[in-house]
Structure formats: structure tokens, C-alpha cells
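Undergrad: The sequence shown begins at 20 in the working numbering and counts up by one.
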Amino acid sequence: MFFRNITLLLILVGTTVDAKSDIKLSYSKSLAFTKIEAQCYMKGQLENENEWLIAETSKEYYTEKFSGETYHNTCVNDFKIAKHEVTLELYQQYATEKNDITVGDAGCYVVGDNGWENNLSANWRTPTFQQQLDHPVLCISYYESLEFIAWLNMKLNPESPYRLPTESEWELAARGSQKQRISWRYWGNDKEGTQACKYGNVSDLSLDEFQKQDSTFKCRDGVVHTESVHSYVPNDFGLYNMLGNVQEFTCSGFSENPTETEGSCDTQEKYENITVKGAAWYYPPIFNRAAFRGALPRHLRFYGVGFRLAQDSD
Ligand SMILES: [Ca+2]
Ligand SMILES: [Ca+2]
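If you want it as C-alpha cells, here you go:
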């Protein structure tokens, strides 16, 4: 069964308010799950991926940014992962119930006139651009995502608590079925960058025309910033925007050697940074790959980073 009981109930009832809680029907996008069975798979860069990355950048840049994406076997247990990123709408309900304690208290990293800056007036409500309620929430720190998830678990009391996915779970989910795992992206390698706009909200010519970029995909999706979480063609696990819209928190600590951290949640904070996966709406093509791994301090917010829910499978 793909949906949690609560989600199924929401669909059957078909009203805006569920009997078990006041989570609205439209919020169910954040709570629709796909089950992925326990398995082992080959994670990391595939054949020729490193050659392309070095050709696009340099050997030094590759070593600094991408050498930890080693090709190796990793295994996951049965798990469920949300089809969509957590929406602004659901996060807004959480924040309202918490009296907006997370609003604007420490700023959010955005690209300003002089590059990256912690913009103290930017926050998840006003991330320097307009968002709709079904867009992904962003400008949320890892710690804030955990607070939100704790609230959601208390509110809905699911059989298996909601949590963030591990890095190994996330990358498997992003790669899709076996057939798609032979590609850097779930729509293929797409070296020319002409196919991406069909499959995810990526950095594209629409963004480049709005604000000049160093490198974008060579297609046009008409979306400069974020888009609905239920947009573009999903991968064949039925998951949307695994490589687009916002980059996503995992619960795994970050190590240059992924085998140390990828299979579990770093709840003890053994590692300084948390691992983020996927690509945001402004990421150049070199970062928009299933194998890419990012590291972020747990307390910082970025206007390209959000999250999606996962849970243990029944
Ligand atoms: Ca776009
Ligand atoms: Ca995403």
C-alpha cells in the first residue's frame, strides 16, 4: 500500500478537513508516499561521469567537489519516501501553530549582488521571490526540518514515524528503477542539456534570461525560481523533482567517504555537516546528478534547500 492510512483517509473523505486532525486535503501532497523494497544497488558516479565532469570543469575542481561520489555497493531496508517535497502550505500551518517562532530570526543564504550572502530579511515566507502554497518550503535549516517532522508526528501519530531519508535511501529513490540507474539523471545522461526541462525544475534558459548564469541546461521551462511540487514528469518510482526545484536534506552526516555515513541517520551529530542531495532551481548541470552530494551546516538556511519525508516501511 503506497499511502499512509491518514493520506488514504484524506482522499476517501474528500473534504478539506480530516476527522483525525485538521491537516487539509491539499496538504496531502507532502504525505503521499511510494514504497521502495529492501535492496542493494550501485551508488555514486557511473561510467564516464567523471570524464564529463572534468571536461566541464577541471581536474582540481573535480577533486574538490566530486571525488567523494565513489561508485560502490550500498544497501537499504524497506522504506517509504514522499512523492513530493514538503509544501510551503503544510509548513505554514506548522509555523502558525508554533506562533511563527521560526520567522526571520537568523536570515537565509541567497545570491545577492556580490554572491552568496546571509540575507537577514529573507526567510521561508519571503525568500526574495514569490512562491505559491504548493511550492516547496525552503530557507529552512536541518534543525528546523526536524522540529517540523516532530510536530507532524505528534499531530498525525503515523504507525512509522516520519523522518528524513538516509543518503542511500535518497539516491536510490532519485535513480528510479534498474533501467534508469544506468544514467546520471533519471531522464538519461542528457549531456547536451536539452531534455531536463521536461523532468524537473532545473537551471535553464528561463533563469539565465532573468539573471545571467555561468551554465544552465539548454532548454526553457518558463520557471525562474520554484514551481509546484507536483510538476514535471516524475521518475518511474513516481517521485517528483528529485533532481530539481529544491535540494533536499538527508538525515546522514557528511563524510568524504560516503560509506561511513550514507546508511544511517547521524542523530548523535558525529559529523560536523549534514548531507544534502539533489539539485535546486539554480544549480548548473554539473551539480544536477543523482550522485552529487553536498554538505551543509545544520543550523544554516538556503533559498535552494528544502526536504521531503520518509518513513520505515510496514
Ligand atoms: Ca527552471
Ligand atoms: Ca527536489
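C-beta atoms are modelled at their ideal positions from N, C-alpha and C, and glycine is treated no differently.
Just so it is clear, the structure is predicted and the values come from calculations on it, not from any experiment.
Which of helix, strand or coil does DSSP assign to R194?
TA: R194 falls in the helix class under three-state DSSP.
Undergrad: How close, in whole Å, do the beta carbons of E104 and R327 come, if the pair is a contact with beta carbons under 8 Å?
TA: Contact flag correct, Cβ pair sits at about 5 Å.
Undergrad: Quick one: what's N92 bridged to in DSSP?
TA: Paired residues: M61.
Undergrad: Would you kindly work out how many angstroms separate the C-alpha atoms of T106 and R194, rounded to a whole number?
TA: Near 22 Å, if we compare the C-alpha coordinates of R194 and T106.
Undergrad: Taking the alpha helix (DSSP H) that K78 belongs to, which residues open and close that run?
TA: K78 to K84 is the span of the alpha helix (DSSP H), which, as asked, contains K78.
Undergrad: Whose C-beta lies closer than 7 Å to the C-beta of V252 among residues of the same chain, with five residues either side of it excluded?
TA: Cβ within range, chain order: K217 and Y218.
Undergrad: Using 10 angstroms around the beta-carbon of F229, count the other beta-carbons present and answer buried if the total reaches 16, otherwise exposed.
TA: F229 comes out exposed.
Undergrad: Check whether the Cβ of R204 lies closer than 8 Å to any heavy atom of ligand 2, and answer yes or no.
TA: Not under cutoff, so the answer is no.
Undergrad: Between E83 and ligand 1, is there a pair consisting of the residue's CB and a ligand heavy atom that are separated by less than 8 Å?
TA: Because no heavy atom of ligand 1 lies under 8 Å away, the Cβ of E83 does not count as near it: no.
Undergrad: Closest by CA to T115, which one among L258, F306 and F167?
TA: Minimum Cα distance to T115 is reached at F167.
Undergrad: Can you confirm whether the segment 179-186 touches the segment 265-278 when touching is taken to mean that 3 or more C-beta pairs between the two stretches lie within less than 8 Å?
TA: Short answer: they touch.
Undergrad: Checking 9 Å against the spacing of the C-beta atoms, do S187 and T93 come in under that value?
TA: Taking 9 Å as the Cβ cut-off, S187 and T93 qualify as a contacting pair.
Undergrad: Just mark G207 as buried or exposed, buried being the case when its beta carbon has 16 or more other beta carbons within 10 Å.
TA: Exposed, since its Cβ has fewer than 16 Cβ neighbours within 10 Å.
Undergrad: State yes or no: is the C-beta of P177 within less than 9 Å of the C-beta of N264?
TA: No; because the gap between Cβ atoms is not below 9 Å, this pair is not in contact.
Undergrad: Does DSSP put Q330 in a helix, in a strand, or in coil?
TA: Residue state, collapsed to three classes: strand.
Undergrad: For E190, which option in L165, A141, E288 and L262 has the closest C-alpha, if you only look at C-alpha atoms?
TA: Residue L262 is the option with its Cα nearest to E190.
Undergrad: I need the DSSP call for I293, collapsed to helix, strand or coil.
TA: Of the three classes helix, strand and coil, the one that applies to I293 here is strand, per DSSP.
Undergrad: Assuming the contact rule is C-beta atoms closer than 8 Å, L319 and Y128 should be a hit. Round their C-beta distance to whole Å, please.
TA: The pair is a contact, with the Cβ atoms about 6 Å apart (cut-off 8 Å).
Undergrad: What three-state label does DSSP hand L319 in the structure shown?
TA: Three-state DSSP puts L319 in coil, outside helix and strand.
Undergrad: Take the Cβ of K231 as the centre, count every other Cβ of all protein chains shown within 10 Å, and call the residue buried at 16 or more, exposed below.
TA: Flag for K231 reads exposed.
Undergrad: May I have all residues whose beta carbon comes closer than 5 Å to any heavy atom of ligand 1, sorted in chain order?
TA: So the residues near ligand 1 by this Cβ test are N220, D223, D240 and V242.
Undergrad: Am I right that K48 and V248 are in contact with their C-beta atoms under 8 Å? What's the rounded C-beta distance?
TA: Contact flag correct, Cβ pair sits at about 6 Å.
Undergrad: Since I believe Y322 is in contact with A141 (beta carbons under 8 Å), could you give me their beta-carbon distance rounded to a whole number of angstroms?
TA: That belief holds up - the Cβ atoms of A141 and Y322 are roughly 7 Å apart, short of 8 Å.
Undergrad: Expressed to the nearest angstrom, what Euclidean distance is found between the alpha-carbon atoms of S40 and K102?
TA: Only weak support exists for where S40 lies, its pLDDT of 47 falling under 50; the coordinates are left without a value.
Undergrad: Provide the residue span of the beta strand (DSSP E) that contains N69, from first to last.
TA: Note, N69: premise wrong, no beta strand (DSSP E); alpha helix (DSSP H) at E68 to E75.
Undergrad: Does the Cβ of I201 have 16 or more other Cβ atoms within 10 Å, making it buried, or fewer, making it exposed?
TA: Flag for I201 reads exposed.
Undergrad: Is any heavy atom of ligand 2 found at a distance shorter than 8 Å from the C-beta of V95?
TA: Checking every heavy atom of ligand 2 against the Cβ of V95, none is found closer than 8 Å.
Undergrad: Report the residue from D153, C158, L152 and N137 whose alpha carbon sits nearest the alpha carbon of P146.
TA: Here the closest residue by C-alpha is C158.
Undergrad: List the whole-angstrom C-beta distance separating L224 from R204, where the pair is believed to meet the contact cut-off of C-beta under 8 Å.
TA: At roughly 18 Å, the Cβ-Cβ gap does not stay under 8 Å, so L224 and R204 are not in contact.
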